[in-house]
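Asks: Protein chains in written order, with our numbering: chain A, 1 to 331; chain B, 1001 to 1483; chain C, 2001 to 2089.
C-beta: ideal position from N, C-alpha, C; glycine also.
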Amino acid sequence: MTVDLQAREIQPLRNTFSHVARYVGDDKPATRYQEATFGAQATSNFHYRPTWDPEYELFDASRSKVVLADWYVLKDPRQFYYGTWTMARARQQDAMESSYQFVESRDLINKMPDVLRDKVCQVIIPIRHVAWGGNMNNCMIAAYGYGTAFTAPASLHAMDELGVAQYITRLGLALDEPSVLDAGKEAWLNAPQWQALRHLVEDSFVVRDPFEIFVAQNLAIDGLLYPLIFGHFIDDHVALNGGTAVSMLSAFMVEWHEESNRWVDAVVKTAAAESEANKALINEWTQSWSKRMHDALVPIAQMALGDKGVSTLEDVFTQFQARCKKLGLSA
Amino acid sequence: MDTTVKHPAMNRTQRMLALTRDLAWPVRQPDEVFPARSQEGIRIHDWSALRQPLQPTLEQYWKLQGDKDKRLYAITDAFAQNNGQLGLSDARYANAIKLLLQAFTPIEYSAHRGYARVARQLGLTDAAFQSADHLRHHQVEIHATSHFNKYFNGMHSFTEWFDNHWMLSVAKSYADDLLSAGPFEFLVAMAVGYTPVIGNTLHVSFMSAAADNGDMSTSSAGLTAQSDKVRHQVAGQTLVAFLVQQDPANLPLVQAWIDKWFWRSVRLSSLVAVMQDYMLPYRSQSWQQVWALYVSQPLAKVFETWEPLGLSLPHHWQEAQEQQAHVSHQTWLRLCRYSAGLPLHVWAPNAAALNWLSEKYPGTFDALFRPHMMGLGHQVAHGHRPQETTAPVLCGTCQLPVPGMDGAHALAQAQSLKGRCFCSLPCQQLFNLDADKHSAQAASSAQRHGWSLPAKQAVDSGLFDGSQDEHNFKEWNGGAQHE
Amino acid sequence: MSNVFIAFQVNEESRPVVDAIMADNPNATAVYSPGLVKIDAPNSLVIKRETIEEQLGQRYDLQQMQVNLVTLSGHIDEDDDQFTLSWNH
């Protein structure tokens, strides 16, 4: 007996789950991003309150001063769900692995001038702690934010920040003995050039508003740090002076920053556009955190780029302000 | 895959420390940054003593998880493209998927958010990995079952049912209790409750049996989720020992959480029990067997190794063992009595099923349950099946129906007792240990008592025989009969 | 006698791992059920990277084993070359 599959009209009863259809309609199948995101977080009938924070519900939009009619408006333009995220990162890891093999097999690190190697270690290694701070702050958003559209990408972003911290650690171990990590931590804790940045990161840890944390960490802190350090210092200065190897081994950071800015920008722009009140809040946060970050980066810019440090930082800051303007902000 | 981050001067432990704990530093304002660290009374003197077996670097993690998901989604896609649901042993099987989505998929989401909190509250990077893993599990379950949702009823509004239906109150109560817990209680709960009791049964034995029943999609999702859960199991057990070893003050706290969460997980597992014994048309191991092989034997061994640390078997271990011969049958009978208002189908087990149950539960099944099952078969055949029209009274702690408290009169009684009715002595004892906290549930129970399946969802409930699911499955298979 | 056990999904990737375990642990027994293989051993079980590499004919990272790992019972001790499951501390 032959079975003609096409003759069997197997009509679906529906295209997706009803809590997803509420957002995207039911006239065609929903995407995996949509099915993973919309309506995933419970909104009502909680059985308990947090023992550690009883004035809030288990998921509570009022933790933020930002007000949105529906937090699911904060969609991720990359449409990452866990699977596409991890597969993308696996490809990037493959590329980084190839770079490490290339650098190691040609002994490129040892061909770098010692002075440059030392400078790189001095500037980069303490930043592994800033990246850990990025992990902590994005865990905070994933934990206390409202709505899966906002919190799920933050959870993945937290892992990415940890990935950066681990790539920097790996780079340090490629450049020098393990004691270089201890030296970097010592500088982070005690060297004068790092204290303003360290205090800023620590102060970000006591912010309780998940959206303010988003603005502080993902827009202001990373938005200035990456162009200065991974852009100007590593990709320009270090690469041009015999340290191409370092540039290769930092490629992930540059790529990742550019990719995730699409998400960061979309979230900020959408939330600010919803109301004058949101816009005012986000403006204020952006201005105060970015000004503070700018000031904290002055000694680091000088350490990294000498005479050109301050002017380069000013360029970075000007570009940051232009970026904010495109998002509807007036930083 | 090459192992990353090798350095001749560092062994694995030193490397992992450099990549995780060493990233943190003593902050200026620890009490403001980590207020939850000390709220539960747990004392930690040296975090670096916490071992991290199976902990991957992020590079390894991305590589491993990328491999798993590439493979998994290829299977999910193929299953959908080939209309894999046609190859199910029987459309009755779909009801197991319904219960999975309604009860357990939302708990994965809660675990995801809960671990994110722990990561932040304790500054613990391992928890960040676990948070990402549970997000993965939540999503792969939705993606694997998405295709079934297009063709079967009882799945489309699983979040609505989780929040409102009394049948799922046990699951939401569990999830919300997890989320309401402090970070150390949460970690212990997952270590001795969810991961060993639910993970090892639902994601190991049930998912393997799902493959047997033609469901490569959900089976693959479950088994791959389990590959993460092994890491969690190991991390959890390491953590429990660590907590107890850090300070003598921690021992009674950890033991109390072990007692509570083992019991809560046992109650929740009644839903897995009914899936294993009643919803797999192609039968494999019984729930009782699965319980012994994958829960009680391994856990008993773990507790044996913990005895020198001062920990004992969970307080209600013995009651838990005794339940496993009865729980699936009791649960099935209850679902049948209430089926008119449930978002899934029920049926009378056929002769082959009854014989299998007799064989797997020698003595008890025939003495206690076979007569009821045969009565059920008789009622179905003659179209007279008494159905409850009001919701049952829910246990004030675990939120399972209290045996014998059915009907409007019982509801009124329960209201006058302000929800202080319990399914068992252990649940009553748990309630009394934290009465203020658990009394908050009375409002949720009342809400569920007052909620019923909307009229347009009638097609999701009732008997399998004569249902749209049954009709469609026959049609799709060209009218062919399945056993 | 207390067993340790480890279970894997059955596929091409896990086969060399299972074969290596059986080769290195003469007292181990493997039981196959749909899609799964469960390996029990009295008291302890060792998994050696070198043996897997011999089976596979390629370099292998022990962490890769996790892709198909389903469950286990026992205390873990691991380094880059071997992975031991046992009830000894």
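Starting from B:SER1312 and walking both ways along the alpha helix (DSSP H), at which residues does that stretch end?
Replies: Sequence index remark: in the second sequence, residue 1312 of chain B carries index 312 (1-based). No alpha helix (DSSP H) holds B:SER1312; DSSP gives it neither H nor E.
Asks: Using three-state DSSP, classify C:HIS2075 as helix, strand or coil.
Replies: For the purposes of this step, residue 2075 of chain C is taken as the residue at position 75 of the third sequence. Note: C:HIS2075 maps to strand in three-state DSSP.
Asks: Could you check what DSSP says for A:THR2 in three-state terms: helix, strand or coil?
Replies: Within the first sequence, numbered from 1, the residue matching residue 2 of chain A stands at position 2. Low local confidence applies: a pLDDT of 49 at A:THR2 is under 50, so the model's placement there is unreliable, and no value is given.
Asks: Any beta carbon of chain C sitting closer than 9 Å to that of B:PRO1053?
Replies: Counted from its first residue, the second sequence places residue 1053 of chain B at position 53. Yes, its Cβ sits closer than 9 Å to a Cβ of chain C.
Asks: At 3 residues or longer, what runs of the beta strand (DSSP E) sit wholly inside the segment 2025-2065 of chain C?
Replies: The qualifying runs are 2029-2033, 2036-2042, 2044-2048.
Asks: Between the Cα of C:LYS2038 and the Cα atoms of C:MET2022, C:PHE2008, C:SER2073, which residue gives the shortest distance?
Replies: Counting from one through the third sequence, the residue named residue 2038 of chain C turns up at place 38. Closest option to C:LYS2038, Cα to Cα, is C:PHE2008.
Asks: Specify, as a first and last residue, the run of the alpha helix (DSSP H) that A:THR84 falls within.
Replies: Reading the first sequence from its first residue, position 84 is the one you call residue 84 of chain A. It spans 82-105 - the alpha helix (DSSP H) in which A:THR84 sits, taken as one unbroken run.
Asks: Just list the residues that DSSP pairs C:PHE2083 with in beta bridges.
Replies: By one-based count along the third sequence, residue 2083 of chain C stands at place 83. For C:PHE2083, which the question treats as bridged, DSSP gives the partners C:ILE2047, C:GLU2078.
Asks: Give me the Cα-Cα distance between C:ARG2049 and B:MET1207, rounded to the nearest whole angstrom.
Replies: By one-based count along the third sequence, residue 2049 of chain C stands at place 49. By one-based count along the second sequence, residue 1207 of chain B stands at place 207. Taking the straight line joining both Cα atoms gives about 29 Å.
Asks: Determine whether the Cβ of C:GLN2066 lies closer than 9 Å to any Cβ atom of chain B.
Replies: Position 66 of the third sequence, counted from the start, is the residue given in the question as residue 2066 of chain C. It does: the Cβ of C:GLN2066 has a partner Cβ on chain B nearer than 9 Å.
Asks: Of all the CB atoms in chain B, is at least one closer than 9 Å to the CB of A:HIS19?
Replies: As a first step, residue 19 of chain A is located in the first sequence; it is residue number 19 there, counting from the start. So yes, A:HIS19 belongs to the interface.
Asks: Apart from the five residues just before and just after A:TRP71, which ones in its own chain have a Cβ nearer than 7 Å to its Cβ?
Replies: Along the first sequence, one-based indexing puts residue 71 of chain A at 71. Answer for A:TRP71: ALA61, TYR146, GLY147, ALA149, PHE150, listed in chain order.
Asks: Strictly under 9 Å for the Cβ-Cβ distance: is B:GLN1297 near chain C by that measure?
Replies: Here residue 1297 of chain B is taken as the residue at index 297 of the second sequence, counted from 1. Yes, contact with chain C.
Asks: Just checking: is the beta-carbon of A:TRP132 within a distance shorter than 9 Å of some beta-carbon in chain B?
Replies: The residue given as residue 132 of chain A occupies position 132 in the first sequence. Judged by the 9 Å Cβ criterion, A:TRP132 is in contact with chain B.
Asks: With DSSP as the reference, label B:LEU1463 as helix, strand or coil.
Replies: Position 463 of the second sequence, counted from the start, is the residue given in the question as residue 1463 of chain B. Here B:LEU1463 sits in strand by DSSP.
Asks: So with Cβ pairs under 9 Å, would you call B:SER1444 a contact of chain C?
Replies: Your numbering for residue 1444 of chain B matches position 444 in the second sequence. It does not; no Cβ of chain C falls within 9 Å.
Asks: Roughly how many whole angstroms lie between the Cα atoms of B:GLN1085 and B:ASN1472?
Replies: As a position in the second sequence, residue 1085 of chain B is number 85, starting the count at 1. As a position in the second sequence, residue 1472 of chain B is number 472, starting the count at 1. Near 11 Å, if we compare the C-alpha coordinates of B:ASN1472 and B:GLN1085.
Asks: Using the rule of at least 16 other Cβ atoms within 10 Å of the residue's Cβ for burial, across every protein chain shown, is A:GLY133 buried or exposed?
Replies: Walking along the first sequence from the start, residue 133 of chain A turns up at place 133. Classification of A:GLY133: buried, given that the 10 Å Cβ count is 16 or more.
Asks: Please decide whether B:MET1001 counts as near chain C, where near means a Cβ-Cβ distance under 9 Å.
Replies: As a first step, residue 1001 of chain B is located in the second sequence; it is residue number 1 there, counting from the start. Confidence is the limiting factor: at B:MET1001 the pLDDT is only 33, short of 50, which leaves the residue's position unreliable, though a coordinate-based value still follows. True, the Cβ-Cβ gap to chain C drops below 9 Å.
Asks: Our contact map puts B:ALA1171 next to B:ALA1103 with C-beta atoms below 8 Å; I'd like the distance itself, whole angstroms only.
Replies: In the second sequence, residue 1171 of chain B corresponds to position 171, counting from 1. In the second sequence, residue 1103 of chain B corresponds to position 103, counting from 1. 4 Å between Cβ atoms; contact.
Asks: Considering just the uninterrupted stretch of the alpha helix (DSSP H) at A:VAL115, what are its terminal residues?
Replies: The sequence position of residue 115 of chain A within the first sequence is 115, counting from 1. Residues 114-124.
Asks: Applying the criterion that 16 or more other CB atoms from any shown protein chain within 10 Å of the CB defines a buried residue, is B:HIS1045 buried or exposed?
Replies: As a first step, residue 1045 of chain B is located in the second sequence; it is residue number 45 there, counting from the start. Counting Cβ neighbours within 10 Å, B:HIS1045 comes out exposed, since fewer than 16 surround it.
Asks: Short of 9 Å Cβ to Cβ, which residues in the segment 1014-1036 of chain B face chain A?
Replies: Of all residues in the segment 1014-1036 of chain B, GLN1014, ARG1015, ALA1018, LEU1019, THR1020, ASP1022, LEU1023, ALA1024, TRP1025, PRO1026, VAL1027, ARG1028, GLN1029, GLU1032, VAL1033, PHE1034, PRO1035, ALA1036 have a Cβ within less than 9 Å of some Cβ in chain A.
Asks: Between which two residues does the beta strand (DSSP E) holding C:ILE2006 run?
Replies: Locating residue 2006 of chain C in the third sequence gives position 6, where the first residue counts as 1. Element bounds for C:ILE2006: 2003-2009.
Asks: Pull up the distance between the alpha-carbon of B:ALA1485 and that of B:HIS1378, whole angstroms please.
Replies: One cannot answer for residue 1485 of chain B here, as it falls past the ends of chain B, which runs 1001 to 1483.
Asks: What are the boundary residues of the alpha helix (DSSP H) that A:LEU305 is part of?
Replies: Numbered from its first residue, the first sequence carries residue 305 of chain A at position 305. 276-305 is the span of the alpha helix (DSSP H), which, as asked, contains A:LEU305.
Asks: Between C:ALA2007 and chain B, is any beta-carbon pair separated by less than 9 Å?
Replies: On the third sequence, position 7 is the one that residue 2007 of chain C refers to. Taking Cβ atoms only, chain B reaches closer than 9 Å to C:ALA2007, which makes this a yes.
Asks: With 9 Å as the threshold, decide whether the Cβ of B:SER1173 is near any Cβ in chain C.
Replies: The residue given as residue 1173 of chain B occupies position 173 in the second sequence. So no, B:SER1173 is outside the interface.
Asks: I need the straight-line Cα distance from B:CYS1395 to B:TYR1073, nearest angstrom please.
Replies: One-based indexing of the second sequence puts residue 1395 of chain B at position 395. One-based indexing of the second sequence puts residue 1073 of chain B at position 73. If you take the alpha carbons of B:CYS1395 and B:TYR1073, they lie about 40 Å apart.
Asks: For B:PRO1454, does the three-state DSSP call read helix, strand or coil?
Replies: Start at 1 with the first residue of the second sequence, and residue 1454 of chain B comes out as number 454. B:PRO1454 falls in the coil class under three-state DSSP.
Asks: How many whole angstroms separate the CB atoms of C:ALA2028 and C:ASP2040, which I take to be in contact at a CB cut-off of 8 Å?
Replies: As a first step, residue 2028 of chain C must be located in the third sequence, where it is residue number 28. As a first step, residue 2040 of chain C must be located in the third sequence, where it is residue number 40. Right, their Cβ atoms sit about 7 Å apart.
Asks: For a minimum of 3 consecutive residues, which ranges assigned as the beta strand (DSSP E) are wholly contained in the segment 1109-1137 of chain B?
Replies: Taking only runs of at least 3 residues, no beta strand (DSSP E) segment lies wholly in the segment 1109-1137 of chain B.
Asks: Please list the partners that B:ALA1211 has in chain C, where partner means a Cβ-to-Cβ separation under 8 Å.
Replies: Counted from its first residue, the second sequence places residue 1211 of chain B at position 211. Simply PRO2034, GLY2035.
Asks: Applying the 10 Å Cβ sphere with the 16-neighbour rule, what's the burial state of A:LYS291?
Replies: Position 291 of the first sequence, counted from the first residue, corresponds to residue 291 of chain A. Burial call: exposed.
Asks: Taking C-beta pairs closer than 7 Å, name the residues in chain B that C:LEU2069 reaches, listed in chain order.
Replies: Residue mapping note: residue 2069 of chain C aligns to position 69 of the third sequence, counting from 1. Neighbours of C:LEU2069 on chain B, chain order: SER1227, VAL1230.
Asks: Roughly how many angstroms separate the alpha carbons of A:VAL103 and A:TYR167, rounded to a whole number?
Replies: For the purposes of this step, residue 103 of chain A is identified with residue 103 of the first sequence, where counting begins at 1. For the purposes of this step, residue 167 of chain A is identified with residue 167 of the first sequence, where counting begins at 1. Their Cα atoms are separated by approximately 15 Å.
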